[in-house]
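See below for the structure under consideration.
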Amino acid sequence: MAGENTRRVLVVRGGWEGHAPVAATDLFVPFLEKNGFEVRLADSPAPYADPAYMAEVDLIVQCYTMGTIEQAELKGLKAAIEAGTGMAGWHGGIADSYRNSSDYLHLIGGQFACHPGKHPDDEDAGTERHNFVPYTVNMLQDKHPITEGIGDFDLVTEQYWVLSDGYIDVLATTTQKVREWDPWHREVTSPAIWTRRWGKGKIFVATPGHSVDVLEHDSVRTIIERGLLWASR
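Quick note: the sequence shown uses the UniProt record's numbering, first residue 1, plus one each step.
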């Protein structure tokens, strides 16, 4: 049984298996436990629909790409965050969840649109590697507790083009260049790391995190670990 001062985290993992939701979240469970969280694992958003349980949850870590969410689940998720439960996640596990719900998109503040890959005739065409491109995460905030002391860093993985609104607090960005085969005519800068205040709750999103090796990158892992703690009640 949890102690009186133990914080509770609900880890919701599942959806599209290409993002390795179990292995990805398992990477952070020891960190959460070390920081005093009692961890509950769920393979669907069903717990969101239990208001009595959600009232006791201090942090939701969601790694659930695509999939669907029922109205009762979404209502419970929104109510919990508005009452002070934090929410955090990375990549498609939070920024490409529940495409059936515009209300979920409104809650998170940013939605995956695409990850432009290499040249259409590249030798990797038709494989996952075709989507892995070199890009830079550009830090905007060096005083925020999530990003303090972390400079720009480079990755070779999916570069998320994100549709977002002006209410998110952007901590870092990434810029999609214009290549000779691209149909767009100027560079496009998307949020790569952001936070959002919703009622009494806090939301943290990082778009890097396609695979475990990306999550193990020093800067990515540090940012996510700090983001989990920042978002928690």
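Where is the CB? At the ideal position from N, CA and C, for every residue including glycine.
Handout entry: Cα-Cα separation, residue 159 to residue 232
Key = Computed Cα separation, rounded: 27 Å.
Practice task
Compare the C-beta of residue 82 with all C-beta atoms of chain B and state if any pair is closer than 8 Å.
Solution key: Of the protein chains in the structure, only one exists, and it is not chain B.
Problem - residue 203 versus residue 165 - alpha carbon distance - result: One C-alpha to the other measures close to 14 Å.
Practice task
Please look up how many angstroms separate the CB atoms of residue 12 and residue 60, rounded, as I've assumed it's under 8 Å.
Solution key: Contact between residue 12 and residue 60 is confirmed by a C-beta separation of about 7 Å, below the 8 Å threshold.
Exercise for the section: Go ahead and pull the three-state DSSP assignment for residue 154. Expected result: In this structure, residue 154 counts as strand in the three-state DSSP scheme.
Exercise for the section: Please determine, among 183, 176, 74, the residue with the shortest C-alpha to C-alpha distance to residue 189. Expected result: The shortest CA-to-CA distance from residue 189 to any of 183, 176, 74 is the one to 176.
Practice task
Decide if residue 148 is buried, meaning its Cβ has at least 16 other Cβ atoms within 10 Å, or exposed.
Solution key: Residue 148 is exposed by the Cβ-count criterion.
Handout entry: Stretch pair the segment 94-107 + the segment 65-83: three plus CB contacts closer than 8 Å
Key = Judged by Cβ distances under 8 Å, the segment 94-107 makes contact with the segment 65-83, as three or more pairs qualify.
Handout entry: Touching by the beta-carbon criterion (3+ pairs, under 8 Å), the segment 59-73 and the segment 29-49
Key = Segment contact: the segment 59-73 against the segment 29-49, three or more CB-CB distances shorter than 8 Å; contact assigned.
Exercise for the section: With a 10 Å radius around its C-beta and 16 neighbouring C-beta atoms as the bar for buried, classify residue 181 as buried or exposed. Expected result: So residue 181 counts as exposed.
Exercise for the section: Go through the segment 157-196 residue by residue and report every complete run of the beta strand (DSSP E) that reaches 3 residues or more, in order. Expected result: Considered as a whole, the segment 157-196 harbours 161-164, 169-176 as its complete beta strand (DSSP E) runs of no fewer than 3 residues, in chain order.
Exercise for the section: Could you tell me which residues DSSP puts in a beta bridge with residue 88? Expected result: According to DSSP, residue pairing for residue 88 in a beta bridge involves 61, 204.
Practice task
Determine, using beta carbons only, whether residue 168 and residue 227 come nearer to each other than 8 Å.
Solution key: Not a contact, by the Cβ cut-off of 8 Å.
Exercise for the section: Could you pull the start and end residues of the beta strand (DSSP E) that residue 139 belongs to? Expected result: For residue 139, the enclosing beta strand (DSSP E) starts and ends at 133-139.
Exercise for the section: Alpha carbon to alpha carbon, how far is residue 220 from residue 134? Give it in angstroms, no decimals. Expected result: So the alpha carbons of these two residues sit roughly 15 Å apart.
Problem - Nonlocal neighbours in the same chain, by C-beta distance under 8 Å from residue 185, ignoring five residues either side - result: Excluding residues within five positions, the ones whose Cβ falls inside 8 Å are 178.
Handout entry: Reduced DSSP secondary structure (H/G/I, E/B, other) of residue 98
Key = Reduced to three states, the DSSP call for residue 98 is coil.
Practice task
Identify whether residue 17 lies in helix, strand or coil by the three-state DSSP scheme.
Solution key: Of the three classes helix, strand and coil, the one that applies to residue 17 here is helix, per DSSP.
Handout entry: Residue nearest to residue 139 in terms of C-alpha spacing, selected from 40, 173, 34
Key = Ranked by how close their Cα comes to the Cα of residue 139, the residues 40, 173, 34 have 173 in first place.
Exercise for the section: Could you tell me the distance, in whole angstroms, from the CA atom of residue 123 to the CA atom of residue 57? Expected result: A direct Cα-Cα distance of roughly 47 Å separates residue 123 from residue 57.
Problem - Own chain partners of residue 16 with C-beta closer than 6 Å, once the 5 adjacent residues on each side are dropped - result: Leaving aside the five residues that flank residue 16 on each side, the residues in its chain whose CB is nearer than 6 Å to its CB run, in chain order, 65, 66.
Handout entry: Coil, strand or helix - residue 128 by DSSP
Key = Residue state, collapsed to three classes: helix.
Handout entry: CB-CB length for residue 156 against residue 208, believed under 8 Å
Key = No, residue 156 and residue 208 are not in contact; Cβ-Cβ is about 11 Å, not under 8 Å.
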